[in-house]
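Chains as they are written, first to last, in the UniProt record's numbering: chain A, 1 to 319; chain B, 1 to 319.
Here's the structure we're looking at; comments come further down.
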DNA sequence: TTGTAGGCGTTATCAA
DNA sequence: TTGATAACGCCTACAA
C-alpha cells in the first residue's frame, strides 16, 4: 500500500504538496497538481483513514439509535442513512435499543467518548433533556419534532397527517373512528392523539377511550384489535392503524370476525410499505428512504437545522 | 480526553507499562498493574481507536454485503451480526448491492484497499472465483454452502430442509407440489431445485416446469403465483413458498381465487418470521439472528471454518 | 520487569 | 507557492 510519501517521491514534490492536492487546498501550481494526480493514479494510492482520523480527531462514524431493525419502518430509514453515509465515506454504528433507556444512553456516551462523531436518533424513550445535555459532544439529530430543543431534527407533521386521514374517513361517512398506536409516550404518538381529540371536538363527536388500541406494532396486533372490538357493544366503523403491518393484521383476520373490508370496517395504514401495496391498503405514505438521507445530511452538517417532510394519503381499497 | 501518557503519569509508570496493562500482556508487577488500573479509572481514559488502528494497520470495520435491508430475512441477519460486532468493538459497513455485481465488487475492493478488515457476504450474484481471489486481502465469510471454495462459511442444508418439507407435504397426501424461488442462480436456490427434482424422482412423480414460480420475494409475488395458477389446467395442491412473505401473499389472496387454505391449497413458508406466527403459517424456521452471530465470529477468527445450522419444520395450520 | 524512543500515515504550522 | 517538521495517540523493538 502506497502512502503519501511514496506519492510525493513519485511526483517529485513534498508530502505537504500532496496533502494539499488531496484536500483541494489552494497554493499549488497547476503543473505540480497534475504531477501529483498522476502519481496518485500510478501508485494506486488510497489515504489511510485511520491516520487522517487520528490527525483530525474524528472517527467518520455515525451512530444510529433505533429500537429494532427488523421492521420495515426502521430498515427503510437505515437504508436511506446508509446510502448517504457511503457517499460521504462515513460508516454506521447501529445501536439497537429495544427502547431500553440504558442502551440509548450508551449510544450517547459513545458520542461523549468520541467513539462516534454524530448520533441520529430515529426513535427514543430517554428524555430530551438528557439527549440535549450530550449535544456539546457532537451533532445529535432527531427524527421527530424537536421544537422545544436546540437540536437538529427532521420530522413529519403527524398531527396534520392524522387530521388528513381522519377527515378522509369522515368524508366517507365514518363517525365511529378508532386508532391504534404503539407507545403512547412518543412525541409522534402524542401528536396523533392530540389530533384525534381535536378532530372529535371539531366535529362534535364523542371521545371513546376504548377506541384507542395501544401497543400495536405488528400483524399480530391487528388481530388483537379485532378480538378486543368483538367485546364492544358498539364498535368503530373505521380504524386508523399506525403502521401498515397493523392494518394488514386487521385485514387478514377480518373474515374470521365476519367483517367485510371496507363495508363493515374501513382501514387506513401508515408508511406505504410493500405489504400495503400488495394488499391494496389505503395508507399514508411516509418517504422513509429520503428522510434517512436528510437525517444523515443533518448529522454531518455544521449548523443546526429543522426539516419538515410531508406525507401523502394514498387512496386504495380499504376505505 | 486523557491519553496513555496522562495515565502513565498518574500511575507513576511509563507508557509501555500502561500499554501492557491495556493489552493484558505479561511482565507487569501486580502493584503497578493495580496503580495503572486505578489511574485509568480516575482519568476516565478511553483508548483512541484511530491511533490503535493506525498502529496495528487494521480498521475494526466489518463489511456486510446484502442485496436489501428492508426484508426481515436480511435485517434479522444484520441484527445478529450487529449485536456480535458491538460486543467485540467492531463496527459495520453495510453494502446494499441490490444484487448488482459492480456493487458487490466494490465491497471486495474495500477489503483490498484495507478499508475494512473482513467481509461477510450474506447473498451474492458475483462468481465465487472472483470472491475467492480477494481472500488474500482479508477474511471473507459466506452465508451459503461454499464447499468448493477455501473460504469460511456458515450454511443451512437447504437440500435437506426442502426434502423435509416436501416429505411432510407428501405425507399429507399431496402429489402435485409446486414451489417458489427468488433467483434461480443462487447456491441455495440450486440446492432447493435439486432437492425438488430428486424428491420427485424418488417418489415417481412427474416433473412439471410450470410448478416452479420464479422471482418470488414479496407478498405481491404470492398473489402473482395464484394468478398464474389460475391459468393452469391442473394446478398444484401444495406450494412450498421460499419465504414467509410469499406464503403470506398466497394466503391473503387465496379467497379471491376461491381457494381454501389448506383444504384446496397447502402452503409452507420459510424463515418463521413474525408474519408466519401471526398468520399461523406452517414454516421452516431458520435462526437468522444466531446465524448472524456465527458469521461475525468467523469474520474475526484467525482460521477458516465451516458451520452448518439446522432448521426445523414448524407445524401450524396451512398444511 | 521496566522504560526510552522510533514510527504508523496524516495534517498543519511556520519559515523560506 | 513550497517544504521541513512537529504533532495526533498508540504499540513495540530494544536497551537497561
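The beta carbon of each residue, even a glycine, is placed where N, CA and C say it ideally should be.
Keep in mind the model is a prediction, meaning the values are calculated, not measured.
Q. What number of angstroms, rounded off, separates the C-alpha of residue 299 of chain B from the C-alpha of residue 212 of chain B?
A. Residue 299 of chain B sits at position 299 when you count from the first residue of the second chain. Residue 212 of chain B sits at position 212 when you count from the first residue of the second chain. About 35 Å.
Q) Can a CB atom of chain B be found closer than 7 Å to the CB of residue 89 of chain A? A) Sequence index remark: in the first chain, residue 89 of chain A carries index 89 (1-based). Residue 89 of chain A does not count as touching chain B.
Q | Within the region 38-115 of chain A, ranges of the beta strand (DSSP E) (whole runs, at least 3 residues) | A | 61-66, 91-96
Q) Relative to chain B, which residues along the region 120-145 of chain A have a C-beta separation below 8 Å, given in chain order? A) none
Q. Expressed to the nearest angstrom, what Euclidean distance is found between the alpha-carbon atoms of residue 4 of chain B and residue 44 of chain B?
A. The count along the second chain starts at 1 and reaches residue 4 of chain B at position 4. The count along the second chain starts at 1 and reaches residue 44 of chain B at position 44. Near 11 Å, if we compare the C-alpha coordinates of residue 44 of chain B and residue 4 of chain B.
Q: For residue 259 of chain A, collect the residues of the same chain with a Cβ closer than 8 Å to its Cβ; drop the 5 residues on either side in sequence, then sort them by chain order.
A: Along the first chain, read from residue 1 onward, the residue named residue 259 of chain A stands at position 259. 226, 265, listed in sequence order.
(Q) Looking at residue 51 of chain B: is its Cβ nearer than 7 Å to the Cβ of residue 10 of chain B? (A) Counting from 1 along the second chain, the entry for residue 51 of chain B is found at position 51. Counting from 1 along the second chain, the entry for residue 10 of chain B is found at position 10. Contact: no.
Q: Output, in sequence order along the chain, the residues in the region 213-230 of chain A whose CB is closer than 9 Å to any CB in chain B.
A: 218, 219, 220, 221, 222, 223
(Q) Which residues in chain A have a C-beta closer than 9 Å to the C-beta of residue 255 of chain B? List them in chain order. (A) Taking the first residue of the second chain as 1, we reach residue 255 of chain B at position 255. In chain order: 255.
Q | Residues, ordered as in the chain, of the region 39-61 of chain B that lie near chain A by beta-carbon distance below 8 Å | A | 46, 48, 49, 50, 51, 53, 54, 59, 61
(Q) My assumption, with CB atoms under 8 Å, is that residue 242 of chain A sits in contact with residue 192 of chain A. Please give the rounded CB distance. (A) The sequence position of residue 242 of chain A within the first chain is 242, counting from 1. The sequence position of residue 192 of chain A within the first chain is 192, counting from 1. The pair is a contact, with the Cβ atoms about 7 Å apart (cut-off 8 Å).
(Q) Give the list of continuous alpha helix (DSSP H) stretches no shorter than 4 residues that lie fully inside the region 193-259 of chain A. (A) 219-229, 244-254
Q | chain B contacts made by the region 273-293 of chain A, where a contact means CB separation under 8 Å | A | 274, 275, 277, 278, 279
Q | Span separating the alpha-carbon of residue 111 of chain A from that of residue 53 of chain B | A | In the first chain, residue 111 of chain A corresponds to position 111, counting from 1. In the second chain, residue 53 of chain B corresponds to position 53, counting from 1. If you take the alpha carbons of residue 111 of chain A and residue 53 of chain B, they lie about 19 Å apart.
Q.
What does the Cβ neighbour count give for residue 104 of chain A, buried or exposed, with the cut at 16 atoms within 10 Å?
A. Locating residue 104 of chain A in the first chain gives position 104, where the first residue counts as 1. Label assigned to residue 104 of chain A: buried.
Q: Identify whether residue 280 of chain B lies in helix, strand or coil by the three-state DSSP scheme.
A: Looking up residue 280 of chain B in the second chain gives position 280. Correct three-state label for residue 280 of chain B: coil.
(Q) Does any residue of chain A have a CB that is nearer than 7 Å to the CB of residue 69 of chain B? (A) For the purposes of this step, residue 69 of chain B is identified with residue 69 of the second chain, where counting begins at 1. At least one chain A Cβ lies under 7 Å of residue 69 of chain B.
Q. By Cβ distance below 7 Å, which residues in the same chain neighbour residue 203 of chain B in space, the five residues on each side in sequence not counted?
A. To locate residue 203 of chain B, count along the second chain from 1; it is residue 203. Once the five neighbours on either side are set aside, the close Cβ partners of residue 203 of chain B are 170.
Q: Could you check how far apart the C-beta atoms of residue 178 of chain A and residue 220 of chain A are, in whole angstroms? I think they sit under 8 Å.
A: To locate residue 178 of chain A, count along the first chain from 1; it is residue 178. To locate residue 220 of chain A, count along the first chain from 1; it is residue 220. Not confirmed; about 18 Å, so no contact.
**Q.** Cβ of residue 79 of chain A within 7 Å of any chain B Cβ
**A.** Taking the first residue of the first chain as 1, we reach residue 79 of chain A at position 79. Yes, its Cβ sits closer than 7 Å to a Cβ of chain B.
Q: Using a Cβ cut-off of 9 Å, pull out every chain B residue sitting near residue 76 of chain A, in sequence order please.
A: The sequence position of residue 76 of chain A within the first chain is 76, counting from 1. The answer, in chain order, is 69, 70.
Q: Kindly examine the ligand NAP and report whether one of its heavy atoms sits closer than 6 Å to the Cβ of residue 211 of chain B.
A: For the ligand NAP, the structure offers nothing, since it holds no ligand at all.
Q) Would DSSP call residue 21 of chain B helix, strand or coil? A) Residue mapping note: residue 21 of chain B aligns to position 21 of the second chain, counting from 1. Residue 21 of chain B falls in the helix class under three-state DSSP.
Q: List the DSSP bridge partners of residue 297 of chain A.
A: Locating residue 297 of chain A in the first chain gives position 297, where the first residue counts as 1. Looking at the DSSP assignment, residue 297 of chain A forms no beta bridge with any residue, so it has no partner.
Q: Apply the 10 Å Cβ neighbour rule to residue 56 of chain B and answer buried if 16 or more other Cβ atoms are within range, or exposed otherwise.
A: Reading the second chain from its first residue, position 56 is the one you call residue 56 of chain B. Flag for residue 56 of chain B reads exposed.
Q) Among residues of its own chain, excluding the 5 on either side of residue 143 of chain B, which ones have a beta-carbon nearer than 8 Å to its beta-carbon? A) Taking the second chain and counting its residues from 1, one reaches residue 143 of chain B at position 143. Excluding residues within five positions, the ones whose Cβ falls inside 8 Å are 77, 120, 121, 122, 123, 153, 154, 155, 291, 295.
(Q) Below 7 Å on C-beta distance, what does residue 118 of chain B contact in chain A? (A) Stepping through the second chain from its first residue, residue 118 of chain B is reached at position 118. The contacting residues do not exist; residue 118 of chain B stays about 14 Å from chain A at best.
Q | the region 92-102 of chain A in contact with the region 64-75 of chain A per 3-pair CB rule at 8 Å | A | yes
Q. So with Cβ pairs under 7 Å, would you call residue 154 of chain A a contact of chain B?
A. As a working mapping, residue 154 of chain A is identified with position 154 in the first chain. No, because no Cβ of chain B sits closer than 7 Å to the Cβ of residue 154 of chain A.
Q: Just mark residue 100 of chain B as buried or exposed, buried being the case when its beta carbon has 16 or more other beta carbons within 10 Å.
A: Reading the second chain from its first residue, position 100 is the one you call residue 100 of chain B. By the neighbour-count rule (16 or more Cβ atoms within 10 Å), residue 100 of chain B is not buried but exposed.
Q: Scan the region 103-117 of chain A for residues whose Cβ lies nearer than 8 Å to a Cβ of chain B and list them as they occur along the chain.
A: 113, 114, 115
Q) Excluding the five sequence neighbours on either side, which residues of its own chain have a C-beta within less than 7 Å of the C-beta of residue 214 of chain A, listed in chain order? A) In the first chain, the residue the question calls residue 214 of chain A occupies position 214. The answer, listed in chain order, is 181, 184.
**Q.** Under 7 Å by beta carbon: chain A residues contacting residue 326 of chain B
**A.** Outside the shown range of chain B (1 to 319) lies residue 326 of chain B, about which nothing can therefore be said.
Q: Can you say whether residue 303 of chain B is buried or exposed, counting buried as having 16 or more other CB atoms within 10 angstroms of its CB?
A: Position 303 of the second chain, counting from 1, holds the residue named residue 303 of chain B. So residue 303 of chain B counts as exposed.
**Q.** Straight-line gap, residue 113 of chain B to residue 33 of chain B (C-alpha atoms, nearest Å)
**A.** For this step, residue 113 of chain B is matched to residue 113 along the second chain. For this step, residue 33 of chain B is matched to residue 33 along the second chain. Taking the straight line joining both Cα atoms gives about 38 Å.
**Q.** Same chain only: Cβ atoms within 7 Å of residue 137 of chain B, ignoring 5 sequence neighbours per side
**A.** Residue 137 of chain B sits at position 137 when you count from the first residue of the second chain. Taken in chain order, the residues that qualify are 111, 112.
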